[in-house]
Each structure stands twice: as structure tokens, then as C-alpha cells.
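Since the structure comes first, as C-alpha cells, the remarks are kept for the end.
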Amino acid sequence: MKLTPCNIFNNFNNFNNFAKPCIVNNYNGYWACHIKPDWLLIWRQNDQIKVIELVLTGTHSDLFKG
């Protein structure tokens, strides 16, 4: 399955296998998954209005600086 915004939203339960809630820094309430071994995509999802917002992409060190 390709990692696209539509696939993230429409297949969210399947993405739970590799998508994890972000609980560090200011990303509480956001989701993250690996696109490549050290490259992440972070998004926020609103199930009520069926919208996802692609927020950030980058390496672990880029995204999770203290």
C-alpha cells in the first residue's frame, strides 16, 4: 500500500501497524510513521470532519530536537 494522504485516512486502522501516536515535544495528538528508515511523516487527523493535515517530514534528529 502506498503512503498517501487518502490511504492514511481511509485505511487508518491498517496504518496502526506502523503508525504511532507522537508523545514527545509539541506533537501530542499527532501521528507519525516511517517513510524510510530515518525519515518520518507526521500528521494530524480529524475523524469527525474527515480531514488529515500533513504537518512535517524529516529525520528523527530534525523533528525531535530538545
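Counting from 94, one number per residue, gives the positions in the sequence shown under the numbering used here. We treat Cβ as the ideally placed atom computed from N, Cα and C, and that holds for glycine.
Residue closest to residue i, alpha-carbon to alpha-carbon, out of the options
i, options, result
"I128", "G151, L156, R137", "G151"
"E146", "L156, A125, K158", "A125"
"Y120", "K143, I142, Q138", "Q138"
Residues of its chain near residue i, where Cβ-Cβ distance is below 7 Å and the 5 sequence neighbours each way are ignored
i, result
"W136", "I101, Y123, W124, I145, E146, L147, V148"
"F157", "V117, N118"
"P114", "W124"
C-beta contact flag for residue i and residue j at 9 Å
i, j, result
"L134", "H153", "no"
Residues near residue i in its chain [Cβ-Cβ closer than 8 Å; skip 5 each side]
i, result
"D131", "T152, H153"
Cβ-based neighbour list, residue i, same chain, cut-off 6 Å, excluding 5 preceding and 5 following
i, result
"A112", "W124, C126"
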